[in-house]
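Asker: Could you have a look at this structure, given as structure tokens, before my questions?
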Amino acid sequence: MLKNKEYIVLDGAMGTMLQARGLKLGGIPEELNITNPEMIKEIHRLYIEAGSHIIYTNTFGGNGYKLSHSEYSVEELVKTGVRLAKEVCLSYEKDGQRPLTALDIGPIGQLLEPTGSLSFEQAYDYYKEMIIAGSDADVVVLETMTDLLELKAAVLAVRENSHLPLMCTMTFEQNLRTFTGTSVESMAVTLESLGVEAIGVNCSLGPKELYPVVEKMSRYTTLPLIVKANAGLPDPVTNTYSITPEKFTEYMLDMAKFGVRIFGGCCGTDEKFIEKLSEGLKGYNFKEIKKEKIEPAVCSQLKTVSLTEPRIIGERINPTGKKKFKEALLNNDIDYILNQAIEQVDAGAEILDVNVGLPGIDEKAMMVRVIKELQSVVDVPLQIDSTIPEVLEAALRVYNGKPIVNSVNGEEKSMNTILPLIKKYGAYVVCLTLDENGIPKKAEDRVAIAEKIMERALSLGIPKENLIIDCLTLTASAEQDGVVETLKAVETVTKELGLKTVLGVSNISFGLPNRELI
Amino acid sequence: MKEYINMFDDITLTELNKQEGARYLGYGSEKPDDRIMKLIDECESEIIAAAKPRYIYKLFDIETTDEGVVFYGTNLILKGSSIKAHLTGCNRAACICATLSSDMDKLIRVTQVKDMAKAVIMDAFAGVAVEQVCDKIEEQIKDMLPDKYLTYRFGIGYGDLPLEQMGEFLAVLGTSKTIGVTVTGGTMMSPTKSVACIVGISDNQIKSKKKGCITCNMREKCQFRVKGERCGF
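So the protein lines, in turn, are chains A and B. In this text, residue positions in the first sequence follow the working numbering: the first is 59, and each later residue adds one. In this text, residue positions in the second sequence follow the working numbering: the first is 2, and each later residue adds one.
Written as structure tokens, this is what we have:
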């Protein structure tokens, strides 16, 4: 999208424009695509004439939940919305160039479990329906999102049902979080790993108030940033937005230095704002931004844990050798597992490993259930621990953030089934230095396996920053030499391959077995 | 006809009404014992730390018609005789939605895992907290309109005002976009510690009506009613 341009101008508000033209509060704006298409086309024209390169279709609330009381179907309203926008764009075609249509998709309007009753899978289906109906658009934009997991369902729905480029913006408050608590950094880390083309922020605040949000976001991603700000905050006495188009533009341009390249207006803005913005951008000198290296990090929705220093991973959530835990799994006693998690976090675990593999239970269903419950009760990022690809994939879909997968190893079968999941879902992965021949005795042979996994990962497009090598600690009591070999391997892997490492360090006397990320 | 909109997160709670909370828990004339009082104190400080009060209200000109109470500038018409009776004599009304946000729900969930008895107390006091937020909102509206008279707040679902109108009511306020409140299953709000209500505004003194059980949140679960008694409020 940004291929030939230094910057892109989006459009301004649709909702407040429609309200100014008589749409009543509580009405369904998407119905106007059928009952008053000329009004919609007029608004699109106003924005294109003001300078918009991309216009958003009038389909923001066009999902099956919000349209359940409408006499029109999702397909009718979304398809028509895209058609109207495209007709207008085509009418402005010149020298093979024209404005583009973005299929505008907003939140479903229900909270996800466990606070609400909408499941991840249902959310995915609502989004899939819209995406298929809107397939004629040039680009897809997911905007005004406040729940990172709901946004992830939408991103997967786009990726799995369309080939269109994808832009995502969330709505933040001045405390740098969304209503559900999603932090700016968690959003940036998670969306970049899911391969979205551009990310940013829209609505809720004016450009002046968004400055700290954008500044923070720029430190956690190298993707081009999007800002679609409101026309300031509504004046409580007059209910008008008091910021002028000139001031709006000034504050917007002030954020270009953070890597914002895609600019637009949200609630309260109209064509005058876009015109001023467009003028201002024409004259702006975009300097080359020197991006410092972005800190590697895992995250949950609420908490981002950077991997630039050793971190403690708690491993009590694992049935191996634990009679009580096995009983809890067989009896579906989720509270037992949640309690284990809370205790570990209270004791200082920064990341939690989750393993529920036990013969006699449905590991996939249990893993999905445990991940969903855990992430609604503890804040720390999770490490998804299983040898079965189906279990890993199910968990990766519903995990709210960027996780670690435990693990892949040097066996062909393992690399072939697990690495593609790492690529698709953008996770970190622990790589065990063993293969079909078992665990090599010598350090250089373990390093060779690490290298083999790294080459395979790179060939699939997985950045080497996402690999965490486990050089394997054998029982320290038995083999002194074994310990030396492990440490040699760790050193080589770190210095020569430039990869992160993890080790099991279970000779700590007090209860909690933990692994240090070095 | 112009709507009036106010939306902030400037309300903070500093303490909770313990008497009210005890009433929700079913304590009438008896007082909770020391163990429960200790849990109540813990809950109070945890709720104050975790809850993030947010609210939005809009003022509308209203008119009572055969169809129901019409809110000008919107598609909203509230049904039933209770709301009509409540807004008698009023030419405007404030539609309000307040919430303690999803952090409160999370605290209740975590407490349910750790200590179920405490969770019951937590749940009751969270209810007290959100009502206190509403008290402060009403004060704000009163300050804004010094020469008007206000009714007490009437919740969606009180009397014969159908709970099913919750979705439309929240849509008029735009709560999902502004304060993160949505409707679940047609009638319940998420996050759960949220209140949706109407305050009538009149130029004339409102005839004082006793509130009664009909307007109380606890009327379905009330231990007093079960025993055939009343709590006296």
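Each residue gets a CB set at the ideal place from its N, CA and C atoms; glycine is no exception. Please read these numbers as outputs of a predicted model, since none were measured by experiment.
What residue range does the alpha helix (DSSP H) around Q180 (chain A) cover?
Answerer: Segment 178-191, the alpha helix (DSSP H) holding Q180 (chain A).
Asker: Roughly how far, in whole angstroms, is the beta-carbon of I507 (chain A) from the beta-carbon of D493 (chain A), given that I think they are within contact range, below 8 Å?
Answerer: Indeed, because the Cβ distance is near 6 Å, the residues count as touching under 8 Å.
Asker: Where does V182 (chain B) fall in DSSP's three states?
Answerer: Coil.
Asker: Let me know if L40 (chain B) comes out buried or exposed under the rule of 16 or more other beta-carbons within 10 Å of its beta-carbon.
Answerer: Burial call: buried.
Asker: Mind checking N565 (chain A): buried by the 16 CB within 10 Å criterion, or exposed?
Answerer: Here the model assigns N565 (chain A) a pLDDT of 37, short of 50, so the residue's position is not dependable, and the following value carries that caveat. Per the 10 Å Cβ criterion, exposed.
Asker: Going by Cα to Cα distance, which pick from A:S244, A:G253, A:E208, A:T248 is closest to V223 (chain A)?
Answerer: For the sequence presented, residue 223 (chain A) should be read as Pro rather than Val. When only C-alpha atoms are compared, the closest one is A:G253.
Asker: Per DSSP, E64 (chain B) is paired with what?
Answerer: According to DSSP, E64 (chain B) bridges with B:V71.
Asker: Determine the direct distance from the alpha carbon of L360 (chain A) to that of I113 (chain A), and round the result to whole angstroms.
Answerer: If I take the Cα positions, the gap works out to 32 Å.
Asker: Helix or strand or just coil, what does DSSP make of K3 (chain B)?
Answerer: Bear in mind that a pLDDT of 35 at K3 (chain B), under 50, signals an unreliable position, so the number given afterwards is only what the model happens to contain. K3 (chain B): coil per DSSP, three-state reduction.
Asker: Tell me, which residues are paired with Q155 (chain A) by DSSP?
Answerer: According to DSSP, Q155 (chain A) bridges with A:K152.
Asker: So that I know if they touch, is there some Cβ in chain B lying closer than 8 Å to that of F237 (chain A)?
Answerer: Taking Cβ atoms only, chain B reaches closer than 8 Å to F237 (chain A), which makes this a yes.
Asker: Please confirm whether I92 (chain A) has its beta-carbon closer than 8 Å to some beta-carbon of chain B.
Answerer: No, no contact with chain B.
Asker: Please determine, among B:K119, B:R110, B:A95, B:M190, the residue with the shortest C-alpha to C-alpha distance to Y150 (chain B).
Answerer: Out of B:K119, B:R110, B:A95, B:M190, B:A95 has the C-alpha closest to the C-alpha of Y150 (chain B).
Asker: Please identify the residue among A:I400, A:V140, A:C357 whose C-alpha is closest to the C-alpha of G459 (chain A).
Answerer: Checked all of A:I400, A:V140, A:C357; the closest Cα to G459 (chain A) is A:C357.
Asker: K286 (chain A) lies in the beta strand (DSSP E); which residues open and close that run?
Answerer: Start and end: 283-287.
Asker: Whole angstroms is fine: what's the gap from S241 (chain A)'s alpha carbon to N495 (chain A)'s?
Answerer: Roughly 44 Å between the two C-alpha positions.
Asker: Going by beta carbon distance, what residues of the same chain come within less than 7 Å of L112 (chain B), once the five residues before and after it are set aside?
Answerer: What sits at residue 112 (chain B) in the sequence shown is Thr, not Leu. K119, A120, M123, listed in sequence order.
Asker: Under the three-state reduction of DSSP, which class applies to V136 (chain A): helix, strand or coil?
Answerer: Reduced to three states, the DSSP call for V136 (chain A) is helix.
Asker: Listing by chain order, which chain A residues have their CB less than 7 Å from the CB of L77 (chain B)?
Answerer: What L77 (chain B) touches in chain A: G84.
Asker: Determine, using beta carbons only, whether T236 (chain A) and F230 (chain A) come nearer to each other than 8 Å.
Answerer: In contact: T236 (chain A) and F230 (chain A) (Cβ atoms closer than 8 Å).
Asker: Give me the chain A residues within the contact set of G186 (chain B), using Cβ-Cβ distance strictly less than 8 Å, ordered along the chain.
Answerer: S175, listed in chain order.
Asker: Hey, quick one: how far does the beta strand (DSSP E) through S191 (chain B) stretch, first residue to last?
Answerer: Its beta strand (DSSP E) spans residues 189-191.
Asker: Does chain A have any CB closer than 8 Å to the CB of E169 (chain B)?
Answerer: Output row for E169 (chain B): interface = yes.
Asker: Is it right to say H221 (chain A) is buried, meaning 16 or more other beta carbons lie within 10 angstroms of its own, or is it exposed?
Answerer: Its Cβ having fewer than 16 others within 10 Å, H221 (chain A) is exposed.
Asker: Scan the stretch 241-262 of chain A for residues whose Cβ lies nearer than 9 Å to a Cβ of chain B and list them as they occur along the chain.
Answerer: Listed in sequence order: C261, S262.
Asker: Which residues does DSSP pair with D443 (chain A) in a beta bridge?
Answerer: Answer is A:N464, bridged to D443 (chain A).
Asker: From V318 (chain A) to D62 (chain B), what distance separates their C-alpha atoms?
Answerer: If I take the Cα positions, the gap works out to 43 Å.
Asker: Once the 5 residues before and after E45 (chain B) are set aside, which same chain residues still bring their CB inside 6 Å of it?
Answerer: So the list reads L17, once near-sequence residues are dropped.
Asker: Chain A partners of A127 (chain B), CB-CB under 9 Å?
Answerer: Under the 9 Å cutoff, chain A gives no residues; its nearest Cβ is about 13 Å from A127 (chain B).
Asker: Under 7 Å Cβ-Cβ, which residues of chain A neighbour G74 (chain B)?
Answerer: What G74 (chain B) touches in chain A: K82, L83.
Asker: Run through DSSP, which three-state label would N94 (chain A) get?
Answerer: In the structure shown, N94 (chain A) sits in coil (DSSP, three-state: anything other than H, G, I, E or B).
Asker: For chain B, check one thing: does any of its Cβ atoms lie closer than 8 Å to the Cβ of V541 (chain A)?
Answerer: So, not an interface residue.
Asker: In the DSSP assignment, what are the bridge partners of A256 (chain A)?
Answerer: In the DSSP output, where bridge partners are listed per residue, A256 (chain A) has A:M225.
Asker: Would you call M313 (chain A) buried or exposed, if buried means 16 or more other Cβ atoms sit within 10 Å of its Cβ?
Answerer: With 16 or more Cβ atoms within 10 Å of its Cβ, M313 (chain A) is classed as buried.
Asker: Report buried or exposed for P147 (chain B), applying the criterion of at least 16 other Cβ atoms within 10 angstroms of its Cβ.
Answerer: The residue is exposed, with fewer than 16 neighbouring Cβ atoms inside 10 Å.
Asker: Please state whether the Cβ-Cβ distance between M275 (chain A) and L283 (chain A) is less than 8 Å.
Answerer: Going by C-beta atoms, M275 (chain A) is nearer than 8 Å to L283 (chain A).
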